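Working notes, structure below.
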Amino acid sequence: MTRSPDKLSLIVQSGDFNRVHYALVVASAALATSKSVTLFFTMEGTRALLPGFADVPQETMLAQKNLATFEELIAACAELDATFMVCEMGMRATAIGRAQFRPDIDIAEGSAVSFIADASADGAILYV
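Reminder that position 124 of the sequence shown reads as 147 in the numbering used here, one-by-one numbering, no gaps.
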């Protein structure tokens, strides 16, 4: 029988709304089952940390189907103490400055080395 990881570390590289949304679904599920979670946003994925990232038609469709929206999921992840980390290289590549990120969640700056150091030997790393 496979053992469940003690921590989930997600690399959010894509800026695609559906991919980011599902990364938050997985992260919030892990948090709800008492797993530690780090979300590492890099390259186009850094855009998910900007105010207004949520795709309004998609958010409306999700809400109409009683599914968690991007905004609900990101708030839940923050409330359940997920670690939000943004890649310094991703910030430079996308020309996004620290001051542009949404102010309602704590976001740590880091590097690939920081992300790897934060991961758990008994955890899982997923790439989105």
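For every residue, glycine included, the Cβ atom is placed at its ideal position computed from N, Cα and C. Computed from a prediction, not measured in an experiment: that's the story for all the values here.
Note to self: Taking the beta carbon of residue 77 as the centre, do at least 16 other beta carbons fall within 10 Å, making it buried, or is it exposed?
What the structure shows: buried
Next item on the list: Measure from the alpha carbon of residue 48 to the alpha carbon of each residue in 107, 123, 71 and 91, then state which is nearest.
Entry: 91
Check: If you follow the beta strand (DSSP E) that residue 113 is part of, which residue opens it and which one closes it?
Finding: No beta strand (DSSP E) holds residue 113; the alpha helix (DSSP H) holding it covers 111-117.
Check: What residues are listed by DSSP as bridge partners for residue 50?
Finding: According to DSSP, which records beta bridges pairwise, residue 50 is partnered with nothing at all.
Check: Can you tell me where the alpha helix (DSSP H) with residue 139 in it begins and where it stops?
Finding: 135-141
Item checked: Cβ contact (3+ pairs, closer than 8 Å) linking the stretch 73-89 and the stretch 98-105 -> no
Check: By how many angstroms is the C-alpha of residue 115 removed from the C-alpha of residue 142?
Finding: 23 Å
Check: How many angstroms separate the CA atom of residue 128 from the CA atom of residue 26?
Finding: 31 Å
Note to self: Helix, strand or coil, according to DSSP, for residue 83 in the structure here?
What the structure shows: helix
Notebook entry, point to check: Do the CB positions of residue 69 and residue 113 come within less than 8 Å of each other?
Noted result: yes
Notebook entry, point to check: To which residues of the same chain is residue 124 closer than 6 Å at the C-beta, ignoring the five residues directly before and after it?
Noted result: 72 and 130
Margin query: So if DSSP puts residue 97 in a beta bridge, which residue, or which two residues, is it bridged to?
Written below: According to DSSP, residue 97 bridges with nothing at all.
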